[in-house]
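In this note's numbering, the protein residues as written are 953 to 1379. This report concerns only the one structure given below.
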Ligand SMILES: *Cc1c(COP(=O)(O)O)cnc(C)c1O
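See the structure below:
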């Protein structure tokens, strides 16, 4: 395995960096080299485990040294359909040879099929395609604000959107501005005004926060990055009722929870709390290509008029071909039902077998599960899991998320739990 090199200078720099690293031996292995390059030339905005992945298939990934792992993160749920799903990859390759980008200055022959498929699957009349999750959330924020000005006669510039403590909706300046996680927002101000924070899971607090300038509520039905925080039963229904009573919009960010992750197609379906706006991403592109969208009915979507919003790559034919295949796989392989049944069994087992003084909580819904510790030892646990061939990632120091691809077989999942449980329980 060689790594692309641009010039000798670069090479020398990297080797120096590698030599500085505490390695078992000083020969710059391909693994050490990849890590050193990321350190040397990349911004240090992530703190990955020391694993260099080179191949993936279904629920498995392999590192550069040929070690096989079961993926228990699924790229934060983006790889719901499994790594390199042959149908999705075939759709990508075929489309790449036909047309990759039209821009929205012209129509293309694939976008319509994608929009219709998402609309039928989600039950919304209209779909606005974007690329990343954060862009689709921004789209929803714009839609709610403009709807408020046009339909609720909120004074220009005064619109408020209610969001929840512990939220994660992406990394744009506006979005991190209403995060209460200091690590996401520190030093990036001034933050965009017009957001009101209420505690997640407290419907009474949310109801009380709705005022004359409120245009909408933006929530994750289950908070993913916060560590699989599941609100108590009835919360989503109560929030829906509060929004209805006051005539404000409800938007669910299902970028992580949507498309089967929680054992329902959408997490809102667990409480029949259908939002006015639904934001999707991650698994919408099958782990192959970034695809996101905002879904809404006509009443909301008509706030967008020509020139009011857009994206050069949004709705491109390559994205459309991949998205269509990703959704076909989800439906044809019955991944939502798999997530529900595999998740239920796995969670029951984790609850039974992962116990002890260090364990604060074991929770989950479908194949979105988490183990929480009293102490900030989750990174150490993730490192131990990697040693036994399991890839998971800590969040907030105390929580390990367990989110395998939805295509994982019962046998592989059972085997992964056999290996994981002693590590998780030991902490
Ligand atoms: C990942 C995620 C996002 C951001 O998606 P990007 O594609 O990284 O911009 C937004 N909301 C939720 C709930 C997410 O999990």
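Idealized CB from N, CA, C, for every residue including glycine.
Counterpart residues of residue i in DSSP-defined beta bridges
i	result
residue 1158	Residue 1158 is not bridged to any residue.
residue 1014	1007, 1020
residue 907	Residue 907 is absent from the structure shown; the chain starts at 953 and stops at 1379.
residue 1078	1248
residue 1311	1325
residue 911	The first residue shown for the chain is 953 and the last is 1379, placing residue 911 beyond what the model contains.
residue 1035	1010
residue 1317	1320
Beta-carbon gap between residue i and residue j smaller than 7 Å
i	j	result
residue 1081	residue 1266	yes
residue 1097	residue 1167	yes
residue 1246	residue 1088	yes
residue 1340	residue 1376	no
residue 1165	residue 1106	yes
residue 1350	residue 1330	yes
residue 1223	residue 1188	yes
residue 1148	residue 1158	no
residue 1016	residue 1345	no
residue 1111	residue 1122	no
residue 1312	residue 1325	yes
residue 1144	residue 1126	yes
residue 1011	residue 1276	no
residue 1030	residue 1234	yes
residue 1013	residue 986	no
residue 1316	residue 1033	no
residue 1002	residue 1343	no
residue 1039	residue 1283	no
residue 1253	residue 1078	yes
residue 1129	residue 1152	no
residue 1191	residue 1155	yes
residue 1036	residue 1018	no
residue 1115	residue 1170	yes
residue 1177	residue 1120	yes
residue 1310	residue 1379	yes
Residues of its chain near residue i, where Cβ-Cβ distance is below 7 Å and the 5 sequence neighbours each way are ignored
i	result
residue 975	Bear in mind that a pLDDT of 46 at residue 975, under 50, signals an unreliable position, so the number given afterwards is only what the model happens to contain. Taken in chain order, the residues that qualify are 984.
residue 1241	1044, 1270, 1271, 1274
residue 1227	1202, 1203, 1204, 1220
residue 1365	1294, 1298, 1356
residue 1076	1230, 1247, 1248, 1249
residue 1263	1082, 1083, 1087
residue 1305	1373, 1377
residue 1094	1261
residue 1006	1014, 1015, 1016
Contacting residues, own chain, Cβ-Cβ under 6 Å from residue i (five flanking each side not counted)
i	result
residue 1291	1212, 1215, 1318, 1319, 1358
residue 1348	1179
residue 996	none
residue 1336	1375
residue 1268	1053
Residues near residue i by beta carbon distance below 8 Å, same chain, minus five either side
i	result
residue 1206	1172, 1173, 1218, 1219, 1220, 1230, 1231, 1232
residue 1073	1217, 1279, 1283
residue 1321	1180, 1295, 1298, 1299, 1302, 1314, 1315, 1353, 1354, 1355
residue 959	Its pLDDT being 44, under 50, residue 959 is placed unreliably by the model, and nothing is read from it.
residue 973	Confidence in residue 973 is poor, its pLDDT being 49 and thus under 50, which makes the residue's placement unreliable; the coordinate value appears in the next sentence. Answer for residue 973: 984, 987, 988, listed in chain order.
Run through the segment 1320-1358 for me and flag every whole beta strand (DSSP E) of 3 or more residues, listed as ranges in chain order. 1320-1325, 1345-1347, 1351-1354
Considering only residues of the segment 1132-1190, which uninterrupted beta strand (DSSP E) runs meet the minimum length of 3 residues and lie entirely inside it, listed in chain order? 1147-1150, 1166-1171
Every unbroken beta strand (DSSP E) within the segment 1207-1239, with a cutoff of 3 residues, ordered by chain: 1229-1232
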